[in-house]
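Trainee: What follows is a structure written as structure tokens; I'll ask about it next.
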Amino acid sequence: MFTLTVLTLTALLLFLATSATLYMGVFKAHREGAGWPRKLFSGLAASALSAIFWAGAYGYHYLGW
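Residue numbers for the sequence shown follow our numbering, beginning at 1 and rising by one.
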């Protein structure tokens, strides 16, 4: 149970960190001049890309076992 909790929290941390990196680094939506639609859609796109990447990475990892 402890290991499952740690793995889940690690996956959540990786997902959030990757989403924030894409949001601020690639989409540059954190700027003051960005409007709310750009911030919203950039956040959704960053989260979707992060989820797709980590689902693939974790899926491949578990299939490798």
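All C-beta atoms in this analysis are idealised placements derived from N, C-alpha and C, irrespective of residue type, glycine included.
Just so we're clear, the structure is a prediction, and the values are computed from it rather than from any experiment.
For the alpha helix (DSSP H) containing ALA20, name the first residue and the last one.
Mentor: 2 to 21 is the span of the alpha helix (DSSP H), which, as asked, contains ALA20.
Trainee: So, for TYR23: in the same chain, excluding its five sequence neighbours on each side, which residues have a beta-carbon less than 7 Å away from its beta-carbon?
Mentor: Result list for TYR23: ALA29, HIS30, SER42, GLY43 and ALA46, in chain order.
Trainee: If you draw a straight line from the alpha carbon of GLY33 to that of THR3, how long is it in whole angstroms?
Mentor: Computed Cα separation, rounded: 43 Å.
Trainee: Among LEU40, THR5, GLY59 and THR21, which one has its Cα closest to the Cα of SER50?
Mentor: Comparing Cα positions, the closest option is THR21.
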